[in-house]
Amino acid sequence: MKKIAIVGSPNVGKSVLFNNLTGSYATVSNYPGTTVEVSRGKAVIGVDEYEVIDTPGMYSLSPITEEERVTRSILFEEAPKVILHVIDAKNLERQLALTLQLLEAGLPVMLVLNIMDEAKALGMVIDTELIEKELSMPVAGIVAIKGSGVDVLRGMIEEYSAKIFIHKPKLNQSEEFDYNAGIKRQERATEIARAVINYEKSAGTGIKERLSRIMMNPFAGGPILLFVLYYGLYKFVGTFGAGVLVDFLENKVFGNFVNPFMIKWITAVLPVKILQDLLVGQYGVITLGVRYAFAIILPIVATFFFAFAIIEDTGYLPRLAMLVDQFFKKIGLSGRAVIPLVLGFGCSTMATMVTRTLPTKRERIIATLLLALAIPCSAQMGVILALLAGRPLAVLVWLGVIIFVFFIVGFLASKLMPGEEPSFYMEIPPLRLPQVSNILRKTFSRLVWYFKEIFPLFIFASILIWLGQITGVFGVLVRIIQHPVSWLGLPDKASVAFLFGFFRRDYGAAGLYDLKKAGLLSGNQLVVACITLTLFLPCVAQLLMNIKERGIKIGIWMSVFILFFSFGVGFMVNLILNLFHIIL
Amino acid sequence: MGIQPLSKLHVKDKGVIAYLHTKNKSQVQKLMSIGVLPGMHISLIQRFPSYVFSIGHSQFAIDKEQAGAIYVRVAKH
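Chains as they are written, first to last, in our numbering: chain A, -7 to 576; chain B, 545 to 621.
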């Protein structure tokens, strides 16, 4: 099948155009570097069917990041029939340099000027026909998010692909970067831009720009961050998602209807006790696995993804990144890491995948470690906050210890790990009003991803626990874990929760929740248990993702460290609380 | 005013990039790839906690080390 590759700098709307051409959905957001995986879809243009490839953002053909390398290899090895170079129309002058580089490489490029509306709002009038003449290539002007100009673009693609017969990129294009050639290209780009852009009166510094300056102000930044965290995370995800929705789904829907109905029905049709246990027993696939997945995890993760999508699409995150950069440098990361780390509060497994957008291996390893160790995912945090509800002092101690661990471990890791100090550069996109349809689609597509990856693991975990119980392995393991658990000053029953914790961190926390409801844990015990569980081994999904992204050696080594470290910290906290007779 | 590194400029200063100077080659490449090239007009928007500048209609945030690598011929006010 003939291929169309969409390329361009980060944050110019490649994914929106992809969605437009194919009718399928790739994640779109207002921060650079969202497209981590290459999306592929099909589009019918004219009478032909094409495979459309949405590539990660690239600034130049000489790759710096892993993503740029991926895009480069698509262009040169997959030999697409048409390459759409998408640029942000208002940045024509700057981004045209890459167009020139693509043309020099002999690639079949078409230029797509996107976000024409924002350029127009700035008073820019762009003569696309003149660009066509100057560069002898087709040029289209579109507003992808509104779909305007896309039909014309389709027609142009049809025409263009009929015209090119042989496609022969100059394969000798070296990856080496050439300073002088870069300057020459920019000179030419500037020359063309000056010729084709006319200015009408511009609207001046708008309200968005003023708001943007406030968001980047270090003194206003703190209160804004607190506002976002309080309303976005605490109120919406914590109180509404983890409180109201979980309560409704768990107690009303599952507690009153689904579980009693399933137990009755399964017991009636399946008169084998051992299979009944598998499906509707204490740790059954339906009564535990499905209930946890749908009634506890789903509402929390869904509300988080929804809030995150809004925050993401406004363009707040790059502004947050520039505010925290200096701070993050102390833990071996740059401001760029704020994106995977914040996403980690939703799903650390997904966030570990997003660490790919970090430029050096060192930063990726440190971010992965911190995600696995000290960033609780939304599901876990929801249950932990429920566990500690009504004990503000306990919440403070838990929070204090986790933040302390986050910085100490980050600081030590940055001191111990060899490699270059990170450097920070990031485009600050304009603030945009999020579009409801995009927010909903993005939330939905992330949830679909989450369920595809995570749901089978819940079921798998239930089956493992069932197997462990009937074979007696589970009992042996629980007895083994009882020792370290008792060193933490916790009751024997808590070891069951810790064993669950290995299958899913939040599973473990949810197990503790049952203990708390039974009145088996004191305030101190709750805090120690929550701290240990937060730091404890990542869930199976994250362990697998760590191995996949960082390699088996680092993945395993990290898990062993976390295992000992989490129990060590729990032990220390318990010791200190006892030593000073503190009762929480 | 002469030529000064971006890190020495004041907020609202404007100028034209004269050259890039750093020991680190990949740093030059990074800056050039985002459009920080000799001849481009640049203006400094913010210095703290990170340097924010605009080139054309884009804004970028960078750290102090990189701001020190961009030498700007400052325009008279």
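Cβ coordinates follow ideal geometry from the N, Cα and C atoms, glycine included.
To the nearest angstrom, how far is it from the Cα of Tyr177 of chain A to the Cα of Val101 of chain A? It should be noted that the sequence gives Arg, not Tyr, for residue 177 of chain A. The straight-line gap from Cα to Cα measures roughly 16 Å.
Could you work out which residues of chain A lie near Val596 of chain B, taking near to mean beta carbons separated by less than 7 Å? Met208, Met314 and Ile420
Rounded to the nearest angstrom, how far is the Cβ of Val555 of chain B from that of Gln610 of chain B, given a contact under 8 Å? That pair is no contact at about 17 Å.
At what residues does the alpha helix (DSSP H) containing Leu432 of chain A begin and finish? For Leu432 of chain A, the uninterrupted alpha helix (DSSP H) segment begins and ends at Val428 to Thr463.
I'd like to confirm the pairing. Which residues does DSSP put opposite Glu41 of chain A in its beta bridges? Beta-bridge partners of Glu41 of chain A (DSSP): A:Val36.
Can you list the residues of chain A that Ser587 of chain B reaches, using a CB-CB cut of under 8 Å? Correct list: empty, because the minimum Cβ distance to chain A is about 13 Å.
Mind checking if Pro593 of chain B is an interface residue toward chain A, Cβ cutoff 9 Å exclusive? yes
From the DSSP output, read off the bridge partner residues of Arg617 of chain B. B:Ile547 and B:Val560
Using the beta-carbon count (16 or more within 10 Å), is Gln274 of chain A buried or exposed? Looking at its Cβ environment, which holds fewer than 16 other Cβ atoms inside 10 Å, Gln274 of chain A is exposed.
Does Lys567 of chain B come within less than 9 Å of chain A when only Cβ atoms are used? Nearest CB-CB separation between Lys567 of chain B and chain A: not below the 9 Å threshold.
Taking CB distances under 9 Å as the criterion, tell me whether Lys509 of chain A reaches chain B. no
Cβ separation of Pro310 of chain A and Glu419 of chain A, assumed to be a contact under 8 Å, to the nearest whole Å: 7 Å
From the DSSP output, which residues share a beta bridge with Gly230 of chain A? Paired residue(s): none; Gly230 of chain A is not in a bridge.
Below 8 Å, can you find three or more Cβ-Cβ pairs linking the region 111 to 130 of chain A to the region 40 to 52 of chain A? Because the criterion of three Cβ pairs below 8 Å is not met, the region 111 to 130 of chain A and the region 40 to 52 of chain A do not touch.
Kindly say whether His623 of chain B, judged by its beta-carbon, lies nearer than 9 Å to any beta-carbon of chain A. Nothing about residue 623 of chain B can be reported from this structure: the residues present for chain B run from 545 to 621 only.
Terminal residues of the continuous alpha helix (DSSP H) containing Leu576 of chain A? Looking at the DSSP string, Leu576 of chain A is not in any alpha helix (DSSP H), and its letter there is neither H nor E.
For the beta strand (DSSP E) holding Lys(-6) of chain A, just list the boundary residues, first then last. Lys(-6) to Val(-1)
For Val282 of chain A and Arg64 of chain A, I'd like the C-alpha separation in whole angstroms. 43 Å
What distance in whole Å lies between the Cβ atoms of Phe466 of chain A and Ile457 of chain A, which are believed to be in contact at a cut-off of 8 Å? Between Ile457 of chain A and Phe466 of chain A a beta carbon distance of about 6 Å is seen, short of the 8 Å cut, so the two are scored as contacting.
Taking the alpha-carbon positions, what's the Ile266 of chain A to Leu225 of chain A distance? 42 Å
Going along chain A in order, which residues have a C-beta closer than 8 Å to the C-beta of Asp557 of chain B? Neighbours of Asp557 of chain B on chain A: none; closest Cβ ~16 Å, over 8 Å.
N-terminal and C-terminal residue of the alpha helix (DSSP H) that Ala313 of chain A is part of: Tyr308 to Lys321
I'd like the ranges of any alpha helix (DSSP H) spanning at least 4 consecutive residues and lying wholly in the region 61 to 126 of chain A. 84 to 96 and 108 to 113
How would you list, in chain order, the residues of chain B whose beta-carbon sits under 7 Å from the beta-carbon of Lys82 of chain A? His601
When you compare the CB positions of Met108 of chain A and Gly139 of chain A, do they come within less than 9 Å of one another, or not? Not closer than 9 Å, so no.
Pop quiz: Ser406 of chain A and Ile323 of chain A are said to be a contact at Cβ under 8 Å. What is the actual Cβ separation, rounded to whole angstroms? 6 Å
Using a Cβ-Cβ distance cut-off of 9 Å, determine whether Leu550 of chain B contacts chain A. It does not: the Cβ of Leu550 of chain B has no partner Cβ on chain A nearer than 9 Å.
Which residues in chain B have a C-beta closer than 8 Å to the C-beta of Phe416 of chain A? List them in chain order. Ser594, Ala605, Ile606, Asp607 and Gln610
According to the Cβ coordinates, are Leu315 of chain A and Gly213 of chain A closer than 9 Å? yes
Buried or exposed, going by whether 16 or more other CB atoms sit within 10 Å of the CB of Gln602 of chain B? Correcting the residue identity first, residue 602 of chain B is Ser in this sequence and not Gln. Classification of Ser602 of chain B: buried, given that the 10 Å Cβ count is 16 or more.
With a threshold of 6 Å on Cβ separation, who are the neighbours of Val519 of chain A within its own chain once the five nearest residues in sequence on each side are excluded? Ala386, Val389, Trp390 and Leu576
List, in chain order, every chain B residue whose beta-carbon is nearer than 7 Å to that of Thr63 of chain A. Per Cβ cutoff of 7 Å: no residues; Thr63 of chain A is ~13 Å from chain B at best.
Could you have a look at Glu419 of chain A and say whether DSSP puts it in helix, strand or coil? Three-state result, Glu419 of chain A: strand.
Cβ atoms of Asn106 of chain A and Leu9 of chain A: under 9 Å apart, would you say? yes
Glu60 of chain A versus Pro48 of chain A: straight-line alpha-carbon distance, rounded: 7 Å
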